[in-house]
Structure formats: structure tokens, C-alpha cells
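K.L.:
Handing you a structure now.
Number of protein chains: 2
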Amino acid sequence: MTEATALIHDMATRARAAARLLARADTATKAQALTAAAAAIRADTDLICAANARDMALAEAGGLSPAMLDRLKLTPERVAATADGVAAVAALADPVGGVIDQAVRPNGLVLSRVRVPLGVVGIIYESRPNVTADAAALSVMAGNAAILRGGSEATGSNRAIHAAFIRGLAEAGLPEDAAQLVPTTDRAAVGAMLSAHGLIDIIVPRGGKGLVARVQAEARVPVLAHLDGINHTYIDGAANREMAEAIAVNAKMRRTGICGATETLLIDRAYPAAAALVAALADTGCELRGDAEVQALADVRAAVEEDWDTEYLDAVLSIAMVDGVDGALAHIARHASHHTDAIITGDAATAERFLAEVDSAIVMWNASTQFADGGEFGLGAEIGISTGRLHARGPVALEGLTTYKWLVRGTGQTRP
Amino acid sequence: MTEATALIHDMATRARAAARLLARADTATKAQALTAAAAAIRADTDLICAANARDMALAEAGGLSPAMLDRLKLTPERVAATADGVAAVAALADPVGGVIDQAVRPNGLVLSRVRVPLGVVGIIYESRPNVTADAAALSVMAGNAAILRGGSEATGSNRAIHAAFIRGLAEAGLPEDAAQLVPTTDRAAVGAMLSAHGLIDIIVPRGGKGLVARVQAEARVPVLAHLDGINHTYIDGAANREMAEAIAVNAKMRRTGICGATETLLIDRAYPAAAALVAALADTGCELRGDAEVQALADVRAAVEEDWDTEYLDAVLSIAMVDGVDGALAHIARHASHHTDAIITGDAATAERFLAEVDSAIVMWNASTQFADGGEFGLGAEIGISTGRLHARGPVALEGLTTYKWLVRGTGQTRP
Numbered sequence: 001m002t003e004a005t006a007l008i009h010d011m012a013t014r015a016r017a018a019a020r021l022l023a024r025a026d027t028a029t030k031a032q033a034l035t036a037a038a039a040a041i042r043a044d045t046d047l048i049c050a051a052n053a054r055d056m057a058l059a060e061a062g063g064l065s066p067a068m069l070d071r072l073k074l075t076p077e078r079v080a081a082t083a084d085g086v087a088a089v090a091a092l093a094d095p096v097g098g099v100i101d102q103a104v105r106p107n108g109l110v111l112s113r114v115r116v117p118l119g120v121v122g123i124i125y126e127s128r129p130n131v132t133a134d135a136a137a138l139s140v141m142a143g144n145a146a147i148l149r150g151g152s153e154a155t156g157s158n159r160a161i162h163a164a165f166i167r168g169l170a171e172a173g174l175p176e177d178a179a180q181l182v183p184t185t186d187r188a189a190v191g192a193m194l195s196a197h198g199l200i201d202i203i204v205p206r207g208g209k210g211l212v213a214r215v216q217a218e219a220r221v222p223v224l225a226h227l228d229g230i231n232h233t234y235i236d237g238a239a240n241r242e243m244a245e246a247i248a249v250n251a252k253m254r255r256t257g258i259c260g261a262t263e264t265l266l267i268d269r270a271y272p273a274a275a276a277l278v279a280a281l282a283d284t285g286c287e288l289r290g291d292a293e294v295q296a297l298a299d300v301r302a303a304v305e306e307d308w309d310t311e312y313l314d315a316v317l318s319i320a321m322v323d324g325v326d327g328a329l330a331h332i333a334r335h336a337s338h339h340t341d342a343i344i345t346g347d348a349a350t351a352e353r354f355l356a357e358v359d360s361a362i363v364m365w366n367a368s369t370q371f372a373d374g375g376e377f378g379l380g381a382e383i384g385i386s387t388g389r390l391h392a393r394g395p396v397a398l399e400g401l402t403t404y405k406w407l408v409r410g411t412g413q414t415r416p
Numbered sequence: 001m002t003e004a005t006a007l008i009h010d011m012a013t014r015a016r017a018a019a020r021l022l023a024r025a026d027t028a029t030k031a032q033a034l035t036a037a038a039a040a041i042r043a044d045t046d047l048i049c050a051a052n053a054r055d056m057a058l059a060e061a062g063g064l065s066p067a068m069l070d071r072l073k074l075t076p077e078r079v080a081a082t083a084d085g086v087a088a089v090a091a092l093a094d095p096v097g098g099v100i101d102q103a104v105r106p107n108g109l110v111l112s113r114v115r116v117p118l119g120v121v122g123i124i125y126e127s128r129p130n131v132t133a134d135a136a137a138l139s140v141m142a143g144n145a146a147i148l149r150g151g152s153e154a155t156g157s158n159r160a161i162h163a164a165f166i167r168g169l170a171e172a173g174l175p176e177d178a179a180q181l182v183p184t185t186d187r188a189a190v191g192a193m194l195s196a197h198g199l200i201d202i203i204v205p206r207g208g209k210g211l212v213a214r215v216q217a218e219a220r221v222p223v224l225a226h227l228d229g230i231n232h233t234y235i236d237g238a239a240n241r242e243m244a245e246a247i248a249v250n251a252k253m254r255r256t257g258i259c260g261a262t263e264t265l266l267i268d269r270a271y272p273a274a275a276a277l278v279a280a281l282a283d284t285g286c287e288l289r290g291d292a293e294v295q296a297l298a299d300v301r302a303a304v305e306e307d308w309d310t311e312y313l314d315a316v317l318s319i320a321m322v323d324g325v326d327g328a329l330a331h332i333a334r335h336a337s338h339h340t341d342a343i344i345t346g347d348a349a350t351a352e353r354f355l356a357e358v359d360s361a362i363v364m365w366n367a368s369t370q371f372a373d374g375g376e377f378g379l380g381a382e383i384g385i386s387t388g389r390l391h392a393r394g395p396v397a398l399e400g401l402t403t404y405k406w407l408v409r410g411t412g413q414t415r416p
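As C-alpha cells, then:
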């Protein structure tokens, strides 16, 4: 057993013991712990910011990119927002103990499926220190123990936030081992987490494509992850013109760097105002890449084959003309990443066909793909958006961090 | 790309196309296909039995064990039972299209989560040829395409059953690619299935521990599997004596080779009739292995540490004395395989504590662990019993072969 494996084994064993206690904690106790954790984070604002300033100085000296530095940076406002996020999780509905369904068998056995925590959740993330608190709060509220492994550049910030968080757990009488921070920046610890089959129940990677791809490639533990959000908005021939333009612009440009942003616009050849739509998008300053027909409508760069499979996460949009909903469905089946796809149309039958046939975690009608978000979906938060097909799909919050068990209550039945 | 990889890639691509059609098939069409498949299997009884006779002759010449030969053997009665099984699946409630939950957001967006098929299911099994029809029927009824890889000793039998099955699909206008049989017995094809990430959505191994362990160790595709059923029945001090004896005997001895059989009996030191209980079990001819206290009650062999972690699947039972429900919970936490565990007690508070705290897929009160079965649970069938924690737990039938997607219906909403 390597040092990293031994470390993770020990942490996971303590996490399992803590998870057993947490699984029995009632909603009020978990909420109290998170409220106390939020207060502790607020109280430690100066300490956390000071630790972050040291991380920032090292990171700047180490030549971290401005974008990464911005993710790493904490201000008193950002610390307050982190604390607010933890307090908000305390107010969410607790899925644990909920009865999914119940049945009485002809022999009198009473069956019920009840929600129980998953167990031990491993979270592997990058430079944002707020994930330490966010992910721990969601895990604990769903009755799980969390093993947190943040980016090495955020070590001091993460330790300071974690120290405050576990004070909150202790105040409510919950075990501090319910939220453990991996104490080493040794990358072997990540490998040990990914191979901790039977010790860690699920791994949630939170970060860029490189991290998620590594986790998915190496993990022996189930992973809750999304890799790409190559999202499509399809403008049907029966779309309302104003709505089409407003949604297309919002879906692409509101925030270009989030996974719910539209990356490809599909326009029905029967849509009468294609040129105006393309012009409206061009007016936003977005770089447009079109197929030959789109190029005939406006002065846009030619899209190459690779464009249809690219998540730009930037002010770039590929545009293709298609033959109605069939053309859109064919394009989406070939190129979508199964995250979020939308149709804009006034024709309900066409919309229902699109909703039924697009095989993505989220399918929308007359709405912006930018709504693909746990908060917007009313989940109160999200630990991630899953593009996998198993267990949980789309935005995942507390329910996705639980599983169920079958309870069978009898009166002495034996099986014939 | 190796030959096996290319083969599986081609089969999975055709399966994906078939799955897309199947996902849209209505319940009546799927039921009609299975009814026709059942009729085709019945009509082909002679052909299937003749193919099986050739498989049996080769297997006997090859020295297959009597137990394996019995699993391989088909008779007209067994073929009829297989056909009946397929027809029974046609009558099950179709989960596809079911609405899990629905909500209207303050901005007017209407959200719903609806059940959709998983996609492409890979089934890897051993000598029982009936799995060809059982697994294909469950997959198709849940809207999935199946890729079936049976044991090499059953090649002819599987081909004959498969040929009948797909005639049924074709009669209902469903694509034959919805149930494909891997045409080679090359073991590399199994490896190619296990690594077909993104092509096959889930692998279901159906067979002995060796197969399941190999699948779990090698698979890059999610696996729905159970490895061990090290099940406990705990006789509490407050158990009714007659009930305790009847259930203990049934839980161990009704059928010793199934995964729901009890393997370890835990007896509360406060239970007043322990000696009679042990004697009742000894009377059945079961080999008993006890700790020192149990040995003091009856003439039984000494249990060694390994016994507490062994799934005998035979007429062997390990017995330990414990200190009440706390002792039982501690023993189970240490040794259970998270399959099925039961408490026998007249004390409701003790029972509820056991139900809440035992972390297994199925937890029972005053019932025999032998009820751990999809049919007994009212699921109508089962593709397996999952001891994993994610996606589906315990007996898995149609619902476990589905996932969900989020549908969002708007009226032009853009995200602020």
C-alpha cells in the first residue's frame, strides 16, 4: 500500500464511521450544523482572507493565469457569499427518510423504498476555495461524509474554510470526520481516491475538462460528472420571431462560459427571418461560424466539421440550416453531448416530438438553455450537472446524493 | 481496433439506432413484440431442444460438471417456462414516459422529470440459455436494445432462442437489432463489451461469482451487479419462539443456493430458547458452525473468522451469539455484503432501529430473507439484485433499466 493509498484508506474508514452517524442524524441537527458552519465561516472571514492572500501571492509568483487567479481569489464579499450558500443548504428539503413507494404484497409483507444517504462522497476540485464549503454542505445535508481534495494552489484557503466548517459540525454534535480535507497536495492522493472502490461511493469532479476527463478515465469508483455542454437551440419554422431572437441571444451570450450556454444554433430552412436572426446575433459581438447557407445570409466565417463538436465556452456560435425538426433531430443525435437542447416553436406537436426524441439530460421548449442550473430548477443548489445516464441526470443536488433501500415488514412470513 | 472491438463497436452502433426507435415505441407495440416472441419460442420448441441436445453432447464430452449441465439443459417444459416468462414481461407496467415529478417555477417554466430508457444494455451470462430470452424481454420492454453474450457451451441453444425472439420483434415492427446475440465465443468480445464506454450504457452480469468479479474488476462501463449475499438473520431477545424457528429454518434451508439465503444467524444472548433454535436447525441436516457460546449449547463445529465472511450457498450456517440489537448491528456492519438482512422480534422499536441502521439493499422485519426476489417484491421479474449503491438497489426489473430526463416547457423565458 502506498502512502497515498494508506492515507485515503484511513480517511475513508473514518468517513464511513462518520457517515453511519450522519445517516441517523435528523434534519434539524444537520441544518443546525450547517447554520453553525455558515456562522463560523463568517466569523473567520479575516483568517480565511489572510490565508487566501498567502495562496494568491504564491500563485502569482508561480505564474498562475489571471482567470485562475480570479477563481482562487477570496474577498470578504465572496466569503460572505460562501457562508450564505452553506446557510441556504440548511434550508433545503431533506430527502433522507422519504418514502419513494410502498406496497402490500398478497402474503401481507409491507414493502417500502426509503431514501438513504449514499455514504462517502469524494469531491475533487480545482482552484475555487468556496467548493470546500459548498460541496461539504450538500454532502452533509444529504447525510453523507465528504472527502474533499482541492487544488494545491488553494491549500491555505481550503484549510481555513474547512477549519471553520467542522467547528459548525462539532457545535451540532456531528462528527468532524463527516467533512475531511485531504491534507496533502500529492497528486497520488487523487489516484488513490479514484481507485478507492468500496471505500468511496461516488466521486464528483468539479472543474475544467482536463480534470473531469482524467477522473472519468482513471476512476474505479462511480463518477458523477459532465464533460461537455455542446448545447443546441433549434429555431423551428413555426417560431415566433421576437422570441427566437431573444432566446438565441440569451442562450448564447448571457454568460458564455457556463455549461448551459448554447454552442450551436440550428435554423429551420422554413424559418422566414433567418437573416434577421443571424444579424441580431452578429450585433451582440458574437463570432459566428456558419455553413454555406448561413454564409449566404450574412458575412460570417465558414464553420468546419470540428465546429459542430466544439464547446466554445466563449462568444463563438456555430450555425447550421436544417430541414425542419427532422433535420434538427439528426444533427443533435450526431453532435450533442446530451446536456441541454432547446426548440423554439409555436407548434406544440413539433415541440412535443422534439421533447420526446432528443436524448439529453434536459430538453427545453421556448426557453433559454441558460436555465440549465440547479438553482433555476428549484433544487436550491447543485453539486454538478450530470451528463451520464445512470443514477442522476441533469442538475444534481441533495436527492442525487442519496440512494434507497427496501424495507420489508412482516408478521412471520416464510417463503413457500 | 481489434477484431473483437470492431465487432462490438458495430453491434453497439446498430443497437443505439434500434434503441432510438424502441424508445419511441408505445407500450402496446412492445407488449405485442414480446407476446409474439413468446409464441415464436413455443413454436420452435423442437428446434431449440435439438440445438440444446447438441450443446449438451459437446458439453458432456467436454467434461462439464453435472451442476453446469443441469443449468444448460433444456426440456420442452423449460422452453415453455421461458416462453411464459417472456409473455409475463409483456404484461408488466411500462415505466417509460412515467412522470416522476413536476413543478412550475416562479418564472412560469414547467419542469417535469420523465422516465426514459437507459439505451443499450449489455448482458453477460453463463450456461443458462433461458437468460437469452429473459434478459432480452426485460430490456426491450423498458425500451432498451440488448447485446447478449452467453456462455460458449450454450451457443447453439442461445442462437435458436434468439432467432425465435427476434421473429417476435419483427412481427411487431420493432427492429431486430434491438436484441443482438454476440456471434463469437471469443473471450475478447467480453473484454470489448466491458470497455465499450459510451457505446454500452450498462453491463448486467448474470452468473457466478467468478464472472461477476471479472466484470466488476475490468469494466469501464457501469455495472449493475451483486457479488455476494452474505445475509444475516438476527433473532432478538423479544422474538416469538415459533416464528424465530420457522423463519430461521426457511431463511437458511428453503433453497440454499440462492443469493437471498441466510448465511449467518445471530442470536441475542437474551433470547431464551437458543438451544432449541440451534437444535431445530440441526434437525434439518444443515451443517452448523458456531462460536464458543453456541458450541456450549449444542454439538456444532467451531466457526473460524472466515466463516463470518463466507457466502456458503449450501446447507451450512454460521451462528454467533450477540449482545442485543447493538451486537447484531455491529456484526452486520462488519460482515454484511449489503444484500439482505433480517431481524426477528416482537419489539417494534428494536425492529425500527434495525431497519433504519442496517445499511443493506433490503432490510426485513419478521420475514425470511428468502423473499429477496423481484417476483416476490411484485416487480414481475428481475434482471438482477443490485448490491451497489448507485442507480438501483436490490431487485431490479423494468424501472432499474430506465433513467429520466428533464423536460422544460416555457413561453419564451430568457434568463436574467
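Just so you know, the sequences run in chain order V and U. Going letter by letter, the first sequence gives residues 1 to 416 in the UniProt record's numbering. Going letter by letter, the second sequence gives residues 1 to 416 in the UniProt record's numbering. For glycine and all other residues, C-beta sits at the position ideal for the given N, C-alpha and C. Note that the coordinates shown come from a computational prediction; the quantities given were computed from them, not determined experimentally.
Against U/L355, what residues of chain V qualify as contacts under a CB-to-CB distance less than 7 Å, listed in chain order?
P.N.:
Position 355 of the second sequence, counting from 1, holds the residue named residue 355 of chain U. Per Cβ cutoff of 7 Å: L407.
K.L.:
For U/R241, which of helix, strand or coil comes out of DSSP?
P.N.:
Sequence index remark: in the second sequence, residue 241 of chain U carries index 241 (1-based). Here U/R241 sits in helix by DSSP.
K.L.:
Excluding the 5 residues flanking U/E153 on each side, which residues of the same chain have their C-beta closer than 8 Å to its C-beta?
P.N.:
Numbered from its first residue, the second sequence carries residue 153 of chain U at position 153. D55, L58, A59, G62, L64, M68, L72 and S127.
K.L.:
Can you tell me which residues form a DSSP beta bridge with V/Y125?
P.N.:
Start at 1 with the first residue of the first sequence, and residue 125 of chain V comes out as number 125. Paired residues: V/R206.
K.L.:
Which term fits U/P272, buried or exposed, when burial requires 16 or more other beta carbons within 10 angstroms of its beta carbon?
P.N.:
Along the second sequence, read from residue 1 onward, the residue named residue 272 of chain U stands at position 272. Counting Cβ neighbours within 10 Å, U/P272 comes out exposed, since fewer than 16 surround it.
K.L.:
Return the first residue and the last residue of the beta strand (DSSP E) that V/I267 is part of.
P.N.:
If you number the first sequence from 1, residue 267 of chain V lands on position 267. Residues T262 to D268.
K.L.:
Could you give the first and the last residue of the continuous beta strand (DSSP E) run that contains V/Q370?
P.N.:
On the first sequence, residue 370 of chain V is found 370 positions in, with the first residue counted as 1. Looking at the DSSP string, V/Q370 is not in any beta strand (DSSP E), and its letter there is neither H nor E.
K.L.:
On a CA-only basis, which of V/E399, V/R269, V/G388 and V/A4 is nearest V/G229? Give me that one, please.
P.N.:
In the first sequence, residue 229 of chain V corresponds to position 229, counting from 1. With distances taken between Cα atoms, V/G229 lies closest to V/G388.
K.L.:
Whose C-alpha, out of U/A88, U/L111, U/V89 and U/A91, is nearest the C-alpha of U/V99?
P.N.:
Position 99 of the second sequence, counting from 1, holds the residue named residue 99 of chain U. Considering only alpha carbons, the answer is U/L111.
K.L.:
Go to U/L329, then tell me how far its alpha helix (DSSP H) extends in each direction, as first and last residue.
P.N.:
As a working mapping, residue 329 of chain U is identified with position 329 in the second sequence. It spans G324 to H335 - the alpha helix (DSSP H) in which U/L329 sits, taken as one unbroken run.
K.L.:
Please confirm whether U/V212 has its beta-carbon closer than 9 Å to some beta-carbon of chain V.
P.N.:
Taking the second sequence and counting its residues from 1, one reaches residue 212 of chain U at position 212. It does not: the Cβ of U/V212 has no partner Cβ on chain V nearer than 9 Å.
K.L.:
Any Cβ of chain A within less than 9 Å of the Cβ of U/D326?
P.N.:
Included in the structure are the protein chains V and U, with no chain A among them.
K.L.:
Start and end of the beta strand (DSSP E) containing V/P395?
P.N.:
Walking along the first sequence from the start, residue 395 of chain V turns up at place 395. V/P395 -> beta strand (DSSP E) spans G394 to V396.
K.L.:
Run down chain U in chain order and give the residues with a C-beta less than 7 Å from the C-beta of residue 444 of chain V.
P.N.:
Because chain V spans 1 through 416 in this model, residue 444 of chain V falls outside it and cannot be assessed.
K.L.:
How far does the alpha helix (DSSP H) with U/N52 in it reach, from first residue to last?
P.N.:
Taking the first residue of the second sequence as position 1, residue 52 of chain U is located at position 52. T45 to A61 is the extent of the alpha helix (DSSP H) around U/N52.
K.L.:
When DSSP labels each residue in this structure, what does V/T233 get in the three-state scheme?
P.N.:
Taking the first residue of the first sequence as position 1, residue 233 of chain V is located at position 233. Three-state result, V/T233: strand.
K.L.:
If I measure Cβ to Cβ from V/L277 and keep anything under 7 Å in the same chain, skipping five residues before and after, which residues do I get?
P.N.:
For this step, residue 277 of chain V is matched to residue 277 along the first sequence. Within the same chain, V/L277 has close Cβ partners I235, A244, E245, A248 and I267.
K.L.:
Grab me the residues of U/D101's own chain with a C-beta within less than 8 Å of its C-beta, minus the 5 sequence neighbours each way, in chain order.
P.N.:
Along the second sequence, one-based indexing puts residue 101 of chain U at 101. Here the set comprises S112 and R113.
K.L.:
DSSP three-state call for V/S318: helix, strand or coil?
P.N.:
For this step, residue 318 of chain V is matched to residue 318 along the first sequence. In the structure shown, V/S318 sits in a strand (DSSP, three-state: E or B).
K.L.:
For U/T13, is the classification buried or exposed, using 16 other Cβ atoms within 10 angstroms of its Cβ as the cut-off for buried?
P.N.:
Here residue 13 of chain U is taken as the residue at index 13 of the second sequence, counted from 1. So U/T13 counts as exposed.
K.L.:
Run through chain V and tell me which residues come within less than 7 Å of U/F165, C-beta to C-beta.
P.N.:
For the purposes of this step, residue 165 of chain U is identified with residue 165 of the second sequence, where counting begins at 1. Simply none; closest approach about 25 Å.
K.L.:
Tell me which residue opens and which closes the beta strand (DSSP E) that U/T340 is part of.
P.N.:
Against the second sequence, residue 340 of chain U aligns to sequence position 340. Note, U/T340: beta strand (DSSP E), T340 to I344.
K.L.:
How about U/Y404: is its C-beta nearer than 9 Å to some C-beta of chain V?
P.N.:
Locating residue 404 of chain U in the second sequence gives position 404, where the first residue counts as 1. Interface residue, yes.
K.L.:
Count the CB pairs spanning the region 255-262 of chain V and the region 310-318 of chain V that are closer than 8 Å, and state whether there are at least three.
P.N.:
Segments in contact, yes.
K.L.:
Just the chain U side, please: which residues come within less than 8 Å of V/Q102 by C-beta, in chain order?
P.N.:
In the first sequence, counting from the first residue as 1, residue 102 of chain V sits at position 102. Here the premise fails: no neighbours, minimum Cβ distance about 11 Å.
K.L.:
Which parts of the region 266-312 of chain V are runs of the beta strand (DSSP E), unbroken and 3 residues or longer, counting only runs that do not cross its ends?
P.N.:
Listed in chain order, the complete beta strand (DSSP E) runs (minimum 3 residues) inside the region 266-312 of chain V are 287-290.
K.L.:
As an exercise, report each continuous beta strand (DSSP E) stretch of at least 3 residues that is fully enclosed by the region 79-163 of chain U, in chain order.
P.N.:
Fully enclosed beta strand (DSSP E) runs of 3 or longer: 99-104, 110-117, 120-125 and 145-149.
K.L.:
According to DSSP, V/I200 sits in a beta bridge with which residue or residues?
P.N.:
Along the first sequence, read from residue 1 onward, the residue named residue 200 of chain V stands at position 200. According to DSSP, which records beta bridges pairwise, V/I200 is partnered with V/H197.
K.L.:
Could you give the residue range of the alpha helix (DSSP H) that holds U/A19?
P.N.:
Here residue 19 of chain U refers to the residue found at position 19 when the second sequence is read from its first residue. Note, U/A19: alpha helix (DSSP H), E3 to R24.
K.L.:
Identify the continuous beta strand (DSSP E) that holds U/T350 and give its terminal residues.
P.N.:
Position 350 of the second sequence, counted from the start, is the residue given in the question as residue 350 of chain U. Counting along the chain, U/T350 falls outside any beta strand (DSSP E), though it belongs to the alpha helix (DSSP H) covering A348 to E357.
K.L.:
Establish whether the CB of V/I247 and some CB of chain U are separated by less than 9 Å.
P.N.:
Residue numbering aside, residue 247 of chain V sits at position 247 when the first sequence is read from its first letter. V/I247 counts as touching chain U.
K.L.:
Taking 9 Å as the CB-CB cut-off, is U/P395 touching chain V?
P.N.:
Residue numbering aside, residue 395 of chain U sits at position 395 when the second sequence is read from its first letter. So yes, U/P395 belongs to the interface.
K.L.:
Going by CA-CA distance only, name the one from V/I200, V/L288 and V/N130 that's closest to V/A164.
P.N.:
As a first step, residue 164 of chain V is located in the first sequence; it is residue number 164 there, counting from the start. Measuring from the Cα of V/A164, the nearest candidate turns out to be V/N130.
K.L.:
Does the distance from the C-beta atom of U/Y125 to that of U/L109 stay below 9 Å?
P.N.:
As a first step, residue 125 of chain U must be located in the second sequence, where it is residue number 125. As a first step, residue 109 of chain U must be located in the second sequence, where it is residue number 109. Contact flag unset, no.
K.L.:
Looking only at its own chain, which residues have a Cβ that is under 8 Å from the Cβ of U/C156, when we skip the five neighbours before and after it?
P.N.:
Translated into the one-based positions of the second sequence, residue 156 of chain U becomes position 156. With the sequence shown as reference, residue 156 of chain U is identified as Gly, and Cys is not the correct amino acid for it. Answer for U/G156: A51, N52, R54 and D55, listed in chain order.
K.L.:
Residues of chain V with CB under 9 Å from U/V140, in chain order?
P.N.:
Translated into the one-based positions of the second sequence, residue 140 of chain U becomes position 140. What U/V140 touches in chain V: nothing, since even the nearest Cβ is about 18 Å away.
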